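Asks: Per our numbering, the sequence shown starts with residue 52, numbered consecutively. Positions of the beta carbon are idealized from the N, C-alpha and C atoms, including for glycine. Just so it is clear, the structure is predicted and the values come from calculations on it, not from any experiment.
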Amino acid sequence: GNAGNITAYWKGYKEYSAPFESETAGTLPAVSTKTPQMWGFQAAGAAPFVAGHPILEPDTIATAIRIGNPASWDGAIAARDESGGFIDAVTDEQILDAHRWLSAREGVFVEPGSAAGVAGLLKKHAAGEVPTGKTIVITVTGHGLKDPQWALRTEDGSEVQPVKVSNDVVTVAAELGLEEK
């Protein structure tokens with residue numbers, strides 16, 4: 052998106068790891084002695100950091116991150132570089148796979164832009180590029196009701212059609228494949 056999140060998170064992590072000057076208590080020690088490596092993931096059709104220049108016509112199903120010239124460009128680059136991290140791109144297909152995975156496996160309903168980080172982690176894991184023995188945190192911020200149309204599609208992209216059944220337990224169980232044997 053506009054890179055506000057990665058910029059703000061990095062600012063907070065740096066402040067958390069630095070001594071704090073208090074008027075009443077003097078210098079307080081840092082809360083943490085280290086900062087995380089910042090990984091950012093953009094939709095492939097709207098990936099100006101990956102391209103190294105603004106994208107004039109960004110194109111992705113992930114509306115929240117469909118931004119070709121982020122307002123916090125410098126902050127995001129600083130977060131990436133100062134933390135030793137990286138920014139990569141994921142396809143719309145990878146985003147939707149992660150969107151479905153989060154809903155099915157974790158019960159977390161996010162909008163597609165928020166699934167980009169999970170898509171990126173899954174991509175890096177498949178490539179053998181995720182370090183073992185490390186704690187990895189992905190922040191997902193956008194609720195799935197921001198773009199609900201993507202939750203109503205199957206893996207092949209076709210729209211889910213609701214099935215109307217009478218409201219008795221036997222009929223519902225049969226429709227769900229739960230009939231007694």
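Report buried or exposed for D143, applying the criterion of at least 16 other Cβ atoms within 10 angstroms of its Cβ.
Replies: Its Cβ being crowded by 16 or more others within 10 Å, D143 is buried.
Asks: Just tell me which of G136, I118, A69 has its CA closest to the CA of N34.
Replies: Residue coverage of the chain in this structure runs from 52 to 232, which leaves residue 34 outside it and unanswerable.
Asks: Between the beta-carbon of A202 and the beta-carbon of H150, is there less than 9 Å?
Replies: Yes.
Asks: Rounded C-beta distance between V216 and T222? I'm assuming under 8 Å.
Replies: Yes, they are in contact, since the Cβ atoms of V216 and T222 sit about 5 Å apart, within 8 Å.
Asks: Taking the alpha carbon of V141 as the reference point, which residue from G55, G158, F100 has its own alpha carbon closest?
Replies: Selected option, being the one with the closest Cα: F100.
Asks: Among residues of its own chain, excluding the 5 on either side of F137, which ones have a beta-carbon nearer than 7 Å to its beta-carbon?
Replies: Cβ within range, chain order: W90, R131.
Asks: Please state the DSSP three-state secondary structure of L196.
Replies: Reduced to three states, the DSSP call for L196 is helix.
Asks: If I'm right that A81 touches A69 with Cβ under 8 Å, what's the distance once you round it to whole angstroms?
Replies: Yes, A81 and A69 are in contact; Cβ-Cβ is about 5 Å, under 8 Å.
Asks: Once the 5 residues before and after K232 are set aside, which same chain residues still bring their CB inside 8 Å of it?
Replies: Residue confidence for K232 is low, a pLDDT of 46 falling below 50, so the modelled location carries little weight; the figure read from the coordinates is stated next. Closer than 8 Å at the Cβ level, and outside the excluded window around K232, lies no residue.
Asks: The beta strand (DSSP E) spanning G91 covers which residue range?
Replies: Where G91 is concerned, the enclosing beta strand (DSSP E) stretches over 90 to 94.
Asks: Does the Cβ of I187 have 16 or more other Cβ atoms within 10 Å, making it buried, or fewer, making it exposed?
Replies: Flag for I187 reads exposed.
Asks: Any idea if A102 is buried or exposed, counting beta-carbon neighbours within 10 angstroms, 16 or more meaning buried?
Replies: Looking at its Cβ environment, which holds fewer than 16 other Cβ atoms inside 10 Å, A102 is exposed.
Asks: Is S83 near Y60, with beta carbons less than 9 Å apart?
Replies: No. Outside cutoff.
Asks: Under 8 Å Cβ to Cβ from F160, same chain only, skipping five residues before and after it: list those, please.
Replies: Only L153, S154, H194, G195, L196, A202 meet the Cβ criterion.
Asks: Please say whether A113 and A167 have beta carbons closer to each other than 9 Å?
Replies: Yes, these two residues count as a Cβ contact at 9 Å.
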